[in-house]
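**Student:** I'd like to ask some things about the structure below.
Take a look at the structure:
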């Protein structure tokens, strides 16, 4: 049984050099608030597997791309599953947590995502475009992303990369959910400056779009971020469904909205611990 004040191991890489963001600031501020309800210690992702047995749950937050510590993450995941360790977000996510295959699956089954293929024989399924985006299936944080002309695609689509048409979108919107409850949305007024975000008030149809993917993922607990772009036609298309360690951009919110998010996160963690025990 958990203690009167549950013990959380909060996994973060405070030194990760994220472009346009400061992971460390977000995690320092968020853990300060979580300590109001929980006994909490921070751990680097390489140390999580060795330390997790002493805690009631592990909270994976701004731990950086798994590529940077793939062996340590695989070990942590395997040991956590074998021991029944509580991990938040739970390890059964179907989106980025499991790799990029979900983008191919969603595209093939007609969901509103940027059209995506990975094999040369499927290139004809993509809409015609002047440029295409090619990114590694195992990539993260735009690592390895390239924009190329159509004639370069046959030599690149070898099953290890995703190929998508380059979309000249109006803006990008990120919808943040805790469990299945919408918390806030942020958008980029300038598409060329991905991390210069402002609060966004989504329409009913915007929220319906975002909830579609939250429901598809079936995670009962945790933080998820639905990243979408608005095409010139006005429709939203999924860019990414982040269910492993989504950056929250809390510093772009008003103080009252930050407080509301923290309250929702605390309540979710308490429910997660209570259900598990």
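Numbering (this note's numbering), first residue to last: -1 to 275.
Every residue gets a Cβ at the ideal spot worked out from N, C-alpha and C, and that includes glycine.
#1: Helix, strand or coil for residue 16, going by three-state DSSP, please let me know.
#2: Short of 7 angstroms in beta carbon distance, which residues of its chain neighbour residue 169, apart from the five on each side in sequence? Order them along the chain.
#3: Quickly, what does DSSP pair residue 172 with across the bridge? List them, please.
#4: For the beta strand (DSSP E) that residue 144 lies in, which residues bound it at each end?
#5: So for residue 165, helix, strand or coil by DSSP?
#6: Are the CB atoms of residue 6 and residue 53 nearer to each other than 8 angstroms?
#7: Near residue 58, which residues of its chain fall below 6 angstroms by C-beta distance, leaving aside the five closest residues on each side in sequence?
#8: Taking DSSP as the reference, what is the three-state secondary structure of residue 41?
#9: Quick one: using the 10 Å Cβ neighbour count with 16 as the cut-off for buried, is residue 17 buried or exposed?
#10: When DSSP builds the beta bridges, which residues end up paired with residue 8?
#11: Enumerate in chain order the residues of its own chain whose CB-to-CB distance from residue 266 is below 7 angstroms, with the five nearest sequence positions on each side excluded.
#12: Of the residues 152, 23, 230, which one's Cα is nearest the Cα of residue 118?
#13: Can you say whether residue 46 is buried or exposed, counting buried as having 16 or more other CB atoms within 10 angstroms of its CB?
**Tutor:** Taking the structure as given:
#1: Position 18 of the chain shown holds residue 16. Of the three classes helix, strand and coil, the one that applies to residue 16 here is coil, per DSSP.
#2: As a first step, residue 169 must be located in the chain shown, where it is residue number 171. Around residue 169: 185, 186, 187, 189, 228.
#3: Your numbering for residue 172 matches position 174 in the chain shown. Note: residue 172 sits in a beta bridge opposite 184, 225.
#4: Reading the chain shown from its first residue, position 146 is the one you call residue 144. It spans 144 to 147 - the beta strand (DSSP E) in which residue 144 sits, taken as one unbroken run.
#5: Translated into positions along the chain shown, residue 165 becomes position 167. Here residue 165 sits in coil by DSSP.
#6: Within the chain shown, numbered from 1, the residue matching residue 6 stands at position 8. Within the chain shown, numbered from 1, the residue matching residue 53 stands at position 55. Cβ atoms of residue 6 and residue 53: closer than 8 angstroms.
#7: Within the chain shown, numbered from 1, the residue matching residue 58 stands at position 60. 9, 243, listed in sequence order.
#8: The sequence position of residue 41 within the chain shown is 43, counting from 1. Reduced to three states, the DSSP call for residue 41 is strand.
#9: By 1-based counting over the chain shown, the position of residue 17 is 19. So residue 17 counts as exposed.
#10: Locating residue 8 in the chain shown gives position 10, where the first residue counts as 1. In the DSSP output, where bridge partners are listed per residue, residue 8 has 40, 57.
#11: Looking up residue 266 in the chain shown gives position 268. Result list for residue 266: 176, 177, 219, in chain order.
#12: Your numbering for residue 118 matches position 120 in the chain shown. Among 152, 23, 230, the Cα nearest to that of residue 118 is on 152.
#13: For the purposes of this step, residue 46 is identified with residue 48 of the chain shown, where counting begins at 1. Buried.
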